[in-house]
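Comments concern the structure below.
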Amino acid sequence: MSIAMDFNMYQITIFILIILASLITPNAKMAFATPQKGKTEVLKFESECDVAVALAKYTADLSAKFVKEKGSFSVVLSGGSLIDTLRKLVESPYKESVDWSKWLIFWVDERVVPLDSEDSNFLLASRGFLSKVPIPPGNIYAINDKLSPEGAADDYEERLRRLVSSKVIRVSSATGFPKFDLMLLGMGPDGHIASLFPTRQQRYEKKRWVTFITDSPKPPPPRITFTFPVINAAAEIAMVVTGAELANTTKAVLHPHQGSPLLPAAEVSAEGELTWFLDKDAASKL
Numbered sequence: 002m003s004i005a006m007d008f009n010m011y012q013i014t015i016f017i018l019i020i021l022a023s024l025i026t027p028n029a030k031m032a033f034a035t036p037q038k039g040k041t042e043v044l045k046f047e048s049e050c051d052v053a054v055a056l057a058k059y060t061a062d063l064s065a066k067f068v069k070e071k072g073s074f075s076v077v078l079s080g081g082s083l084i085d086t087l088r089k090l091v092e093s094p095y096k097e098s099v100d101w102s103k104w105l106i107f108w109v110d111e112r113v114v115p116l117d118s119e120d121s122n123f124l125l126a127s128r129g130f131l132s133k134v135p136i137p138p139g140n141i142y143a144i145n146d147k148l149s150p151e152g153a154a155d156d157y158e159e160r161l162r163r164l165v166s167s168k169v170i171r172v173s174s175a176t177g178f179p180k181f182d183l184m185l186l187g188m189g190p191d192g193h194i195a196s197l198f199p200t201r202q203q204r205y206e207k208k209r210w211v212t213f214i215t216d217s218p219k220p221p222p223p224r225i226t227f228t229f230p231v232i233n234a235a236a237e238i239a240m241v242v243t244g245a246e247l248a249n250t251t252k253a254v255l256h257p258h259q260g261s262p263l264l265p266a267a268e269v270s271a272e273g274e275l276t277w278f279l280d281k282d283a284a285s286k287l
């Protein structure tokens, strides 16, 4: 009887060890390291002006939340029409109520041109937004415009790594990529975001934080850009899309046909929350 009981206990022990081993296999570790897709919300508004009003409140509310939680608010800007859509944020009551001294400004992509060039996203943001609010100059992280595209990308990534090391920027516990508080994105008619274009290999980069492109299909050709792992690690992502010319692309991104290749914008998937801000025209085909 004693021998039989000992044998049964041995079998049970082996079974438990097998179960435990399966939990620590490389595949299990890989699954643990894969970020979970967060909540996605699609907001539709009557006009572009209504989008601007809602975006201002959304951004100001997040600023208050993150400043209270951790003492700063890291914001990543893009170029194009997004900067104009932020115009309500530099008006009352937000201009006076937001704690601008706690903001940290970055760019999801930038053209490798002089910062005072008409093609520069930095200049666009400076004119339309940054010059109108008291964000400390030391909190604004523009690219080094004296470097080559590859050099500018390497330099920007190294600066981000230093900010992560000093705990100025948080890190995604799932992926190890930097975790910005808010990523403000627009979308092109071809479905590109940042400088991640449908026909360029940069959209598939999975290791680097910042990469570069020398043959952008949209001028000017040389650019640097955040990669998808960095974009998707953000706590909050706002996709701001307005205008009838983007209606078909919006439909293709939000309701892709089975078997059709995914557009870059369809690969945006925040670990935290992804919010689409659409005006009536952009949402007209949904």
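The sequence shown begins at 2 in the numbering used here and counts up one residue at a time.
Backbone N, C-alpha and C define an ideal beta-carbon position, used for all residues, glycine too.
CB of residue i within 8 Å of CB of residue j, strictly
i: L264; j: M240; result: no
i: V113; j: A153; result: yes
i: A283; j: L247; result: yes
i: L148; j: I141; result: no
i: T251; j: P190; result: no
i: A55; j: L63; result: no
i: A195; j: E237; result: no
i: L159; j: R209; result: Reading off the sequence, residue 159 comes out as Glu, not Leu. Taking 8 Å as the Cβ cut-off, E159 and R209 do not qualify as a contacting pair.
Span separating the alpha-carbon of residue i from that of residue j
i: K58; j: Y95; result: 8 Å
i: T176; j: W277; result: 24 Å
i: P222; j: I84; result: 21 Å
i: E151; j: F229; result: 18 Å
i: T215; j: R224; result: 6 Å
i: S217; j: P135; result: 34 Å
i: K66; j: G273; result: 14 Å
i: Q202; j: G187; result: 20 Å
i: V169; j: T212; result: 22 Å
i: E206; j: E119; result: 29 Å
i: K281; j: T41; result: 19 Å
i: G39; j: L185; result: 16 Å
i: A145; j: D156; result: A quick correction: the sequence has Asn, not Ala, at residue 145. N145 and D156: Cα-Cα distance of roughly 7 Å.
i: V99; j: L183; result: 15 Å
i: E49; j: S167; result: 39 Å
i: R204; j: P262; result: 13 Å
i: S93; j: D51; result: 16 Å
i: R163; j: G260; result: 42 Å
Close beta carbons around residue i, own chain, < 6 Å, minus the five adjacent residues each side
i: F123; result: L116, A143
i: K126; result: One point to set straight first is that residue 126 is Ala, not Lys, in the sequence displayed. These residues qualify, in order along the chain: L78, I84.
i: F181; result: S75, V77, A235
i: H193; result: P265
i: I25; result: Any reading at I25 is ruled out, since the residue's pLDDT is 31, under 50, leaving its predicted position unreliable.
i: V242; result: M188, T251, L279, A283
i: E111; result: N122, I144, I225
Residue nearest to residue i in terms of C-alpha spacing, selected from the options
i: A253; options: A267, A245, T243; result: A267
i: E47; options: L279, L287, K286; result: L279
i: V269; options: F67, V109, D155, K69; result: V109
i: E97; options: A61, L148, L44, E159; result: A61
i: G81; options: G244, K286, V172; result: G244
i: R171; options: G260, V231, P262; result: V231
i: L197; options: K168, K207, F227, L185; result: F227
i: F107; options: S93, R88, G139; result: G139
i: K89; options: V68, V99, A53, S121; result: A53
i: S121; options: S261, P220, V68; result: P220
Same chain, Cβ closer than 7 Å to residue i, five either side skipped, listed in chain order
i: K133; result: V91
i: P179; result: L161, V165, I170, V172, W210, V231, A234
i: P137; result: S102
i: P257; result: L263, A267
Contacting residues, own chain, Cβ-Cβ under 8 Å from residue i (five flanking each side not counted)
i: M31; result: Only weak support is given to the placement of M31: the predicted model assigns it a pLDDT of 30, under 50, and the value that follows is read from those uncertain coordinates. Excluding residues within five positions, none has a Cβ falling inside 8 Å.
i: K286; result: A248, N249, T251, K252
i: T200; result: P218
i: L87; result: A53, L56, A57, T60, G129, F130, L185
i: V68; result: F74, D100, K103
Within 8 Å, do at least three Cβ pairs link the stretch 68 to 75 to the stretch 101 to 115? Under the three-pair Cβ rule at 8 Å, the stretch 101 to 115 counts as touching the stretch 68 to 75.
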